[in-house]
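Protein chains: 2
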Amino acid sequence: MYKYTEEIPFGPLPYFRTEEFSEIVLECSERLKRLAGAPENAHVYLLTSSGTGAMEAVAAGCFSKDDNLLVVDGGGFGHRFSEIAEHHGIPHECVDIEFGQTLTPEMLDAAASGNDFTGMLVNLHETTNGRLYDKDLLASFCKTHGLYLVIDVIASFLADPLDFENDGVDALIISSQKALALPPGLSIVILSDRLYKKIIEKDIKPFSMYFDFRVAEADAVRGQTSFTPAIGTVIALRERLERLETEGGADAATARTKDLAEDFRFRIEELIEKGALELPAHPLSNACTPIIFPNGNAKEVYTNLAHKHGVWLNPNGGELADKVLRVGHLGNLSINDNALLARLLTEILT
Amino acid sequence: MYKYTEEIPFGPLPYFRTEEFSEIVLECSERLKRLAGAPENAHVYLLTSSGTGAMEAVAAGCFSKDDNLLVVDGGGFGHRFSEIAEHHGIPHECVDIEFGQTLTPEMLDAAASGNDFTGMLVNLHETTNGRLYDKDLLASFCKTHGLYLVIDVIASFLADPLDFENDGVDALIISSQKALALPPGLSIVILSDRLYKKIIEKDIKPFSMYFDFRVAEADAVRGQTSFTPAIGTVIALRERLERLETEGGADAATARTKDLAEDFRFRIEELIEKGALELPAHPLSNACTPIIFPNGNAKEVYTNLAHKHGVWLNPNGGELADKVLRVGHLGNLSINDNALLARLLTEILT
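Heads up: the protein sequence lines correspond to chains A and B, in order.
The first sequence begins at 2 in the working numbering and counts up by one.
The second sequence begins at 2 in the working numbering and counts up by one.
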């Protein structure tokens with residue numbers, strides 16, 4: 002295959018309407034399907050957008066006024082799904098879940114009673130509070146009730162187990178900046194063939210030309226994107242996917258993140274026992290540990306870690322701003338980073 | 002200001018919901034307004050999308066069924082504007098311009114007769130064929146008829162003269178990958194305050210949550226984007242804008258590109274005199290020289306230059322595929338690149 006090097010005198014990135022670039026896109030699609038456990042007839046689209054663009058592309062591009070969606074609203078990103086449905090006038094009901102609460106079969110059954118849902122929108126890992134939903138619960142509920150299952154895995158891809166085909170997923174939403182460790186700005190949508198066919202058969206009117214899957218499909222089959230893609234990120238994606246597969250695929254990547262998360266949680270056990278830190282009561286993704294500061298000094302600790310030690314955690318907005326900081330376990334991190342952070346937290350909090 | 006360095010152990014790019022990142026975004030906005038000649042009350046939005054996303058955001062986000070748009074359709078990107086208007090049911094008329102043809106006042110007047118237009122959509126440089134439109138003609142026509150003037154300058158920003166305020170521009174659409182020489186995937190929209198107010202006063206229903214300028218405005222005033230931006234590209238944008246201003250601003254950048262374009266055109270004069278190459282009859286942007294191969298061997302020359310010499314020109318699609326290659330003059334190019342390309346073309350064609 003053609004290698005893109007610095008030798009190209011006319012611009013640092015190659016022009017993309019070429020066979021060489023098509024090969025790269027097609028290779029990305031195949032590798033993504035393998036990593037996600039998606040069948041050969043699944044459809045892969047590379048969107049130049051934030052994850053929210055991809056969430057809207059799927060929710061408003063695959064469903065319409067004739068649908069009825071069950072939205073798992075357990076934090077900022079679940080709420081965003083409900084806003085998208087609201088914005089586009091798609092009938093929907095939300096299952097509201099509080100911080101610390103776990104999604105149960107009873108909550109889903111209660112929502113389903115009296116409703117004839119056609120699809121479910123859920124973020125497997127609600128990254129604003131670190132909650133991981135039970136994929137088996139989601140899958141079996143959707144199978145029983147005949148729903149299309151749309152899962153945003155932006156914050157859980159390659160961190161928490163999920164298999165597109167076995168878990169009955171119809172749409173998977175991925176972004177470049179989390180487990181794929183690429184710059185943000187590229188999102189990936191994988192659609193099941195049955196959900197793609199629904200768009201055609203139900204003649205869902207595309208809300209946007211930019212996010213029209215029918216247009217994207219015509220280009221995707223020949224390894225192209227309809228509009229100028231984030232070329233550099235796509236080239237880096239191919240390399241990253243190749244390395245992920247060489248290193249053992251999704252299972253191995255998930256295991257590495259799980260090890261890192263468990264190591265960090267072990268290192269802060271003493272702080273938790275002393276009452277200096279808490280963890281939420283809900284199940285946690287391997288991608289992130291939300292740490293609760295019972296004294297409400299989260300912002301202070303954030304500033305201290307960032308400005309004095311160059312360690313940047315993810316702060317929260319809204320009502321959790323003073324209470325919670327999030328420690329990510331994706332990306333180029335090691336147990337040395339865990340050790341450093343645990344030591345700094347101990348110094349600051351005791 | 003805080004410097005982003007490799008020292009950050011938790012991820013290679015900083016989290017963006019911070020004051021430090023807001024400062025960067027606000028600095029970009031101010032510098033972009035200065036470079037574009039936009040007044041202080043203009044609105045700057047950073048969109049994580051291809052240029053087409055930004056074209057749709059403006060055309061379908063600022064106009065509605067109650068408008069009537071004049072679309073200058075002189076090639077692939079002009080046609081895209083008309084498709085966007087069509088897609089969203091916005092009444093519009095196209096001025097169709099053939100390859101080689103120049104847009105004249107008479108053509109605009111003919112379109113205006115019997116129509117009560119509210120806005121014009123135009124790509125200052127129609128990059129599929131290198132045509133540059135006369136900015137003074139566009140500006141005076143829009144002023145005379147009271148139209149909002151929307152200009153896509155993706156392929157002409159910092160290459161051809163244009164001044165937002167003096168030329169009466171209401172919306173400017175810019176992308177990261179051309180004169181700004183950044184990776185593709187970030188687009189910039191600058192709206193005049195009167196066009197922003199039109200959205201509010203006419204209560205234009207946003208076609209997309211992702212591309213809603215009202216949502217973007219609420220975040221932009223505090224230096225934030227509504228959704229995860231292409232963080233790395235935004236940081237690089239700040240640096241690039243600072244350098245552009247240090248090196249003399251828009252006038253100096255435009256002059257450099259003009260010099261490069263004129264140098265290249267001078268170097269191929271002999272090939273043109275011999276009939277081995279032709280230039281289009283329409284006015285050309287400084288950003289690009291479309292070279293016509295009278296023998297229809299454009300594809301052959303493209304492959305030869307690319308695979309034998311590592312020189313990548315931009316091929317055309319559609320009916321111009323065999324006839325035209327485009328030589329870009331933006332980016333990290335010098336007269337040495339011009340000399341090399343002119344020499345190779347001479348070798349291949351004579």
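A virtual CB, placed ideally from N, CA and C, is assigned to each residue, including glycine.
{"Query": "Same chain only: Cβ atoms within 8 Å of B:THR234, ignoring 5 sequence neighbours per side", "Result": "SER177, LEU183, PRO184, GLY186, LEU187"}
{"Query": "Span of the alpha helix (DSSP H) around A:ILE349", "Result": "336-350"}
{"Query": "Selected residue, minimal CA-CA separation from A:LEU148, among A:ALA180, A:ASN130, A:ALA172", "Result": "A:ALA172"}
{"Query": "Short Cβ contact (7 Å threshold) for B:CYS63 with B:ILE155", "Result": "no"}
{"Query": "Residue range of the unbroken beta strand (DSSP E) whose run includes B:THR290", "Result": "289-293"}
{"Query": "A:GLU57 at chain B interface by Cβ criterion, 7 Å", "Result": "yes"}
{"Query": "7 Å Cβ cutoff, A:ALA288 in contact with chain B", "Result": "no"}
{"Query": "Any chain A beta carbon closer than 7 Å to B:TYR303", "Result": "no"}
{"Query": "Segment contact, 8 Å Cβ cut-off, at least three pairs: the region 24-36 of chain A with the region 235-248 of chain A", "Result": "yes"}
{"Query": "Under the three-state DSSP convention, the category B:VAL45 falls into", "Result": "strand"}
{"Query": "Same chain, Cβ closer than 7 Å to A:GLU127, five either side skipped, listed in chain order", "Result": "GLY75, GLY76, PHE78, GLY79"}
{"Query": "Residue-level contact to chain B via CB, A:PHE11, 7 Å cutoff", "Result": "With a pLDDT of only 33 at A:PHE11, under 50, the local geometry of the prediction cannot be trusted, and no value is derived from it."}
{"Query": "Interface flag, B:ASP237 vs chain A, CB-CB below 7 Å", "Result": "Here residue 237 of chain B is Ala; the residue named in the question, Asp, does not match the sequence. No, because no Cβ of chain A sits closer than 7 Å to the Cβ of B:ALA237."}
{"Query": "Sufficient close CB pairs (3 or more, under 8 Å) joining the region 275-282 of chain B to the region 94-107 of chain B", "Result": "yes"}
{"Query": "Within the region 34-88 of chain B, ranges of the beta strand (DSSP E) (whole runs, at least 3 residues)", "Result": "44-48, 70-74"}
{"Query": "Proximal chain B residues relative to A:GLY233, where beta-carbon distance stays under 9 Å", "Result": "PRO184, PRO185, GLY186"}
{"Query": "Proximity of B:LEU196 and B:VAL170 at Cβ, strictly below 7 Å", "Result": "no"}
{"Query": "Identified DSSP bridge partners for B:LEU133", "Result": "B:HIS126"}
{"Query": "Inter-residue CB distance, A:ASP194 and A:ALA43 (contact presumed, cutoff 8 Å)", "Result": "7 Å"}
{"Query": "Contact set between A:PRO230 and chain E, taken where Cβ atoms lie within less than 9 Å", "Result": "The structure shown has no chain E; the protein chains it does contain are A and B."}
{"Query": "Buried/exposed call for A:SER114, threshold 16 Cβ in 10 Å", "Result": "exposed"}
{"Query": "Where B:GLU84 meets chain A, residues with beta-carbon distance less than 8 Å", "Result": "MET210"}
{"Query": "Exposure label - B:ILE1; buried when at least 16 CB within 10 Å", "Result": "Chain B is shown only over 2 to 351; residue 1 of chain B falls outside these bounds and no answer can be derived."}
{"Query": "Straight-line gap, B:SER335 to B:SER286 (C-alpha atoms, nearest Å)", "Result": "18 Å"}
{"Query": "Nearest residue (CA-CA) to A:LEU133, options A:THR145, A:HIS308, A:TYR46, A:ILE98", "Result": "A:ILE98"}
{"Query": "Beta-carbon contacts of B:SER83 that lie in its chain and below 7 Å, excluding the five residues immediately before and after", "Result": "VAL72, ASP74, HIS93, CYS95"}
{"Query": "Outcome for B:THR258 when other beta-carbon atoms lying within 10 angstroms are tallied against a minimum of 16", "Result": "buried"}
{"Query": "Interface flag, B:ALA197 vs chain A, CB-CB below 7 Å", "Result": "A small correction: the amino acid at residue 197 of chain B is Tyr; Ala does not occupy that position in the sequence shown. Output row for B:TYR197: interface = no."}
{"Query": "Touch test, the region 209-223 of chain A against the region 45-52 of chain A, Cβ-Cβ under 8 Å, three pairs minimum", "Result": "yes"}
{"Query": "Residues of its chain near B:LYS324, where Cβ-Cβ distance is below 7 Å and the 5 sequence neighbours each way are ignored", "Result": "ILE293, PHE294, GLY297, ALA299"}
{"Query": "Reference B:GLY90; option with closest CA among B:ALA111, B:ALA288, B:SER65, B:ALA112", "Result": "B:SER65"}
{"Query": "A:GLU20 in three-state terms, based on DSSP", "Result": "helix"}
{"Query": "A:PHE265 vs A:ASN339 beta-carbon contact at 7 Å", "Result": "yes"}
{"Query": "Contacting positions in the region 119-136 of chain B - beta carbon closer than 8 Å to chain A", "Result": "none"}
{"Query": "Close beta carbons around A:MET2, own chain, < 7 Å, minus the five adjacent residues each side", "Result": "Confidence is the limiting factor: at A:MET2 the pLDDT is only 21, short of 50, which leaves the residue's position unreliable, though a coordinate-based value still follows. Cβ within range, chain order: GLU24."}
{"Query": "Delimiting residues of the beta strand (DSSP E) encompassing B:TYR149", "Result": "149-153"}
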